[in-house]
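> Below is the structure I would like to discuss, written out as structure tokens.
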Amino acid sequence: MLRFFSKRLFLKDLLEDFVDIHNHILPGIDDGAKNIEDSLNLIKKMRELGIKQYIATPHIMQDFYPNTDVTIGNAYQDLLEALDSKLLDTITLNPAAEYMLDSHFESLLENRNLFTLKGNYVLIEMSYFQAPINLEDLIFKIKTQGYIPVLAHPERYSFYHNQKAYYENLKQQGCYFQLNLLSLSDHYGKNVEKTANYLIEEQLIDFVGTDIHNEKHIDKLSNLILNKRIHKRLNEIIANTNQTFSVI
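Counting in the numbering used here, the sequence shown runs from 2 upward without gaps.
Structure follows, in structure tokens:
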């Protein structure tokens, strides 16, 4: 009796030449890499997955990670100096930030003092407990200051899981969505995985990123298997991410 087995579709097979626009690989300034050694290990493991371009996005969060252009710039320079020249020749590494939508962000926005992903794209995040009461106003302000808002991991905000129409509302206001690749597994929980699949199938996701903080995240990405439908759509989103943010 013949049996036909479909080929397993691994996420890692889509990551060759990927531009990772969301990760925490700068050393010692947030909840990602703790030191230079951690940073180097993360980059080497990510490079083994095929990732060649890195936009490092440390948190800027007033109460927990009050990073500035100075702290980010120093960590970035320390990492560049520690990278092996042969490895550095095969990758690009640029600094940016992931901004919590708090009062400090509003001050930075007013002064047009933001670390962008590329051009005018700015990565923003919210509390996992509740959205800012003035979220729509903030998105409007971001746009009127000439920036393009990219909301990090919209699938992880559980308060929207039963309000899916609000995702479309945010999109209509000009907010782009960046999905975490690990959300395509149960890493953050089944509800997040379900919402991630919904957002992809509804074509609401514009970009993807790893949001890598540690080696365990990379190991999980290495073994993540996709279904055929999500694989096809994700391939298109990755291509759009690469086209939008590549600096090569």
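Beta carbons are placed, not taken as given, at the ideal position from N, Cα and C, and that holds for glycine. Predicted model only: the values in this text are computed from it and were never measured.
Below 8 Å, how does it come out for the stretch 121-132 and the stretch 146-160: are there three or more Cβ pairs, yes or no?
yes
> Determine the DSSP secondary structure at M2, reduced to helix, strand or coil.
Position 1 of the sequence shown, counting from 1, holds the residue named residue 2. For M2, the predicted model reports a pLDDT of 46, less than 50, meaning its position is unreliable and no value from the coordinates is stated.
> Applying the 10 Å Cβ sphere with the 16-neighbour rule, what's the burial state of M2?
By one-based count along the sequence shown, residue 2 stands at place 1. The predicted position of M2 is uncertain, since its pLDDT is 46 and thus under 50; no value can be drawn from it.
> Of all the CB atoms in chain C, is at least one closer than 8 Å to the CB of I134?
No chain C appears in this structure, which consists of one protein chain only.
> To the nearest angstrom, how far is it from the Cα of N75 to the Cα of N163?
Here residue 75 refers to the residue found at position 74 when the sequence shown is read from its first residue. Here residue 163 refers to the residue found at position 162 when the sequence shown is read from its first residue. Rounded to whole angstroms, N75 to N163 spans 42 Å at the Cα level.
> Nearest by alpha-carbon distance to T117: which of S108, P133, Y100, E111 is it?
Here residue 117 refers to the residue found at position 116 of the sequence shown. If we check each option's Cα against that of T117, Y100 comes out closest.
> Go to F178, then tell me how far its beta strand (DSSP E) extends in each direction, as first and last residue.
Start at 1 with the first residue of the sequence shown, and residue 178 comes out as number 177. Taken as a continuous stretch (DSSP letters only), the beta strand (DSSP E) holding F178 covers 177-181.
> With H, G and I counted as helix, E and B as strand and the rest as coil, what does DSSP make of T69?
Here residue 69 refers to the residue found at position 68 of the sequence shown. Reduced to three states, the DSSP call for T69 is coil.
> How would you write the range of the alpha helix (DSSP H) that Y100 sits in, first residue to last?
The residue given as residue 100 occupies position 99 in the sequence shown. It is not in any alpha helix (DSSP H) - Y100 instead sits in the beta strand (DSSP E) that spans 99-101.
> State buried or exposed for P96, treating a residue as buried only when at least 16 other CB atoms are found within 10 Å of its CB.
As a working note, residue 96 is residue 95 in the sequence shown. It counts as buried.
> Between Q204, N228, Y199, which has its C-alpha nearest L12's C-alpha?
Taking the sequence shown and counting its residues from 1, the one referred to as residue 12 is at position 11. Of Q204, N228, Y199, the residue nearest in Cα terms is N228.
> Considering Cα atoms alone, identify which of L110, T58, F246, Q174 is closest to Q146.
Here residue 146 corresponds to residue number 145 of the sequence shown, with the count starting at 1. Distance check between Q146 and each of L110, T58, F246, Q174 places L110 closest, using alpha-carbon atoms only.
> Less than 8 Å between the beta carbons of L222 and L180, yes or no?
One-based indexing of the sequence shown puts residue 222 at position 221. One-based indexing of the sequence shown puts residue 180 at position 179. Not closer than 8 Å, so no.
> Using a Cβ-Cβ cut-off of 8 Å (strictly less than) and excluding sequence neighbours within five positions of N121, which residues of its own chain qualify?
Counting from one through the sequence shown, the residue named residue 121 turns up at place 120. Within the same chain, N121 has close Cβ partners G147, Y148, I149.
> Per DSSP, E126 is paired with what?
Reading the sequence shown from its first residue, position 125 is the one you call residue 126. E126 pairs with M101.
> Beta strand (DSSP E) containing N95: first to last residue?
Against the sequence shown, residue 95 aligns to sequence position 94. That run of the beta strand (DSSP E) goes 93-96.
> Please name the residue or residues paired with G210 in a DSSP beta bridge.
Counting from one through the sequence shown, the residue named residue 210 turns up at place 209. Looking at the DSSP assignment, G210 forms a beta bridge with N181.
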